[in-house]
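So for the sequence shown, the UniProt record's numbering puts the first residue at 1; every next one is plus one.
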Amino acid sequence: MDRRTWYSVSTAFVLLIGLTLLSVLSRPGIVLGQVAQKMEEIKSFSALIEILKENEETRNTPKGVEGDSQEMNDTIGKIIWSASGDFREETYPKPLLVGIMTAKGKGLSIDHRSKIVEEIPAKDVESSRKLANSFFHNLMEFKDSERKPIAIDEVEGLKCPRFDLFQKDFKTHNPQWDYRIWVHPETKRPIRVDFKADPADPFGTDQRTIRMTNFSWNVATDSTFDTTIPNGYRLKEADNSYDWVAEQIIGSLKAYAELYGTYPKVSRFDNQLLADFETKLRNAKNGEAINLLPGFMLLQNTVTSSPDYRASYRGQIVGPKDKEKILLHWIQPDGKVRVIFGDLKSKLTTADESKALEK
C-alpha cells in the first residue's frame, strides 16, 4: 500500500487502541470505570483485522452498532501495538506489505514482494503517536463511570459481556467512530471489537464495519518494530515514491479488464465487489491473486477518499478501448496530479492540463 493508505488505516487503528483497552473487565458487577483503570496492565497486543461484508438485508443499516452485517468476513491484516508507542501493521496471512512506526519517530514501509523499502517522514510518525497518546489521556474521563455491560452475547461459543460506546459518549474527545466491544468471560480481555465509520470521517465510507479478532496480549516485540532496512532490499527514491501506487492500481485494472472486458464500477468502498474480483482472480490466476488485490483496494481507497485525493474516476463510461480518454486522475500527497488513461498509460500533469484532457 502507499504511504497515504498506511496512514489512513493507522489513524483508524490508533483511535481504536484505547477503546480496546477499555474492555479489560466486564463480569457482572464490573463497571466501565473499573475497566478504564485496568488499561495500564496491557504492555502490548496483536490482533487480526477484518472488514465485514454487507448483504442486501444489511446494506442500508442506519448509523450505530445495531445490526451486524457479518456474513463471511475478509481478514485483511494484522496489527501489533506496544505501550511505548510503537505500531506495526502487515498484510495477512503473509506479511507481504509491512508498515512500522516507532516512538523514536522512525517509520518504514516494506514491500517484501519487490524488496523495496520506503521511509515514512518523522512528522507523520509523530502525529500518529500524539494522536494515540492524547486519546489514552482522554480515556480517563471514564474512570468514574458506573456504566455496566449492555448485553451478554455469544462469541466463539462463549457468553461474552458487551460494551457499546458511541461518539456522543465522549465529552473531551471525538473519536469519529462507534464501537462494540466483547470481552472474554475468563481472561476478561477483548475477544472481539467492532468499529463503524462515521460517513463524515474522510477515512470512512458507506458505513463499513471493521472488526478486530484473535487478540494476543503482552506479546513479545523484540524485533517487531525494527526499522533497519533488510539485507537485499533497496530504499525507494523520493521522486518515485508514488509511482508504485499507480503501478498497483494499473495492475489491478488490467486484470479486471481481462476478466470482465470492462473496468470496475467503483463509487464507494464495496467489499462485495472486492470479494467477487478476488474469487474470479483466484480461479483464473491462482497464486497471482494476492499480488493484484492490494491495487484494487488502493483504487477504491483513492476513489472514495475524495477530500484527500480529489479523485475523479470514470470507469462507468471509459473502457479499455478508450485509449486517450481519462479513466482516473487524483492529486497525490506531493501535490502532483496523476492521470491514468483508458489504455492504462499513466502520466503526471497539472490540474489545468488534466481538466483539458477530461473534456
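Yeah, the Cβ is synthetic: ideal placement off N, Cα and C, and Gly gets one too. In this text, all values refer to a predicted model and were calculated from it rather than measured experimentally.
Same chain only: Cβ atoms within 6 Å of residue i, ignoring 5 sequence neighbours per side
| i | result |
| --- | --- |
| residue 349 | 337, 339 |
| residue 103 | 84, 85, 86 |
| residue 80 | 46, 88, 224 |
| residue 316 | 265 |
| residue 126 | 105 |
| residue 320 | 257 |
| residue 68 | Low confidence applies here, because residue 68 scores a pLDDT of 44, under 50, leaving its location unreliable; read the following figure in that light. Nothing listed; no residue qualifies. |
| residue 209 | 52, 194, 196 |
| residue 78 | 48, 90, 92 |
| residue 328 | 313, 340 |
| residue 166 | 178 |
| residue 96 | 112, 113 |
Residue i, DSSP secondary structure in three states
| i | result |
| --- | --- |
| residue 257 | helix |
| residue 285 | helix |
| residue 222 | coil |
| residue 103 | coil |
| residue 301 | helix |
| residue 178 | strand |
| residue 279 | helix |
| residue 246 | helix |
| residue 214 | strand |
| residue 7 | At residue 7, the pLDDT of 47 sits below 50, so the modelled position is not reliable; the number obtained from the coordinates is stated separately. In the structure shown, residue 7 sits in a helix (DSSP, three-state: H, G or I). |
| residue 292 | helix |
| residue 353 | helix |
| residue 144 | coil |
| residue 274 | helix |
| residue 324 | coil |
| residue 166 | coil |
| residue 126 | helix |
| residue 252 | helix |
| residue 319 | coil |
Residue burial classification, residue i (beta-carbon count within 10 angstroms, cutoff 16)
| i | result |
| --- | --- |
| residue 187 | exposed |
| residue 232 | exposed |
| residue 272 | exposed |
| residue 324 | exposed |
| residue 192 | buried |
| residue 196 | buried |
| residue 222 | exposed |
| residue 352 | exposed |
| residue 91 | buried |
| residue 156 | exposed |
| residue 255 | buried |
| residue 23 | Low confidence applies to residue 23: its pLDDT is 43, below 50, so where it sits in the model is not reliable, and the reading given next is rough at best. Label assigned to residue 23: buried. |
| residue 211 | buried |
Beta-bridge pairing of residue i - partner residues as DSSP gives them
| i | result |
| --- | --- |
| residue 161 | 152 |
| residue 112 | Residue 112 is not bridged to any residue. |
| residue 329 | 312, 339 |
| residue 46 | 80, 216 |
| residue 97 | 111 |
| residue 346 | 340 |
| residue 195 | 179, 210 |
| residue 234 | 116 |
| residue 90 | 78, 98 |
| residue 190 | 183 |
Spatially closest choice to residue i from the options, by CA coordinates
| i | options | result |
| --- | --- | --- |
| residue 40 | 152, 161, 283, 84 | 84 |
| residue 164 | 250, 179, 156 | 179 |
| residue 144 | 96, 335, 226, 37 | 37 |
| residue 147 | 169, 296, 126, 120 | 169 |
| residue 299 | 221, 290, 313 | 313 |
| residue 303 | 95, 218, 270, 190 | 270 |
| residue 214 | 34, 48, 43, 44 | 48 |
| residue 119 | 226, 91, 78 | 226 |
| residue 326 | 335, 333, 311 | 311 |
| residue 261 | 268, 253, 216 | 253 |
| residue 245 | 156, 297, 43, 216 | 297 |
| residue 216 | 210, 194, 189 | 189 |
| residue 82 | 42, 268, 280 | 42 |
| residue 259 | 268, 278, 267 | 278 |
| residue 263 | 330, 280, 318 | 318 |
Contacting residues, own chain, Cβ-Cβ under 8 Å from residue i (five flanking each side not counted)
| i | result |
| --- | --- |
| residue 159 | 152, 153, 185 |
| residue 122 | 105, 106, 107 |
| residue 117 | 108, 109, 110, 111, 229, 230, 233, 234, 235, 236 |
| residue 242 | 2, 332, 333, 334, 336, 338 |
| residue 250 | 295, 340, 344, 346 |
| residue 219 | 44, 45, 46, 80 |
| residue 285 | 255, 292 |
| residue 274 | 74, 293, 296, 297, 300 |
Beta-carbon proximity list for residue i, same chain, < 7 Å, skipping 5 on both sides
| i | result |
| --- | --- |
| residue 429 | Nothing in the structure corresponds to residue 429, since the chain is present only between 1 and 359. |
| residue 149 | 26, 161, 162, 163 |
| residue 33 | 142, 143, 144, 145, 146 |
| residue 248 | 294, 295, 298 |
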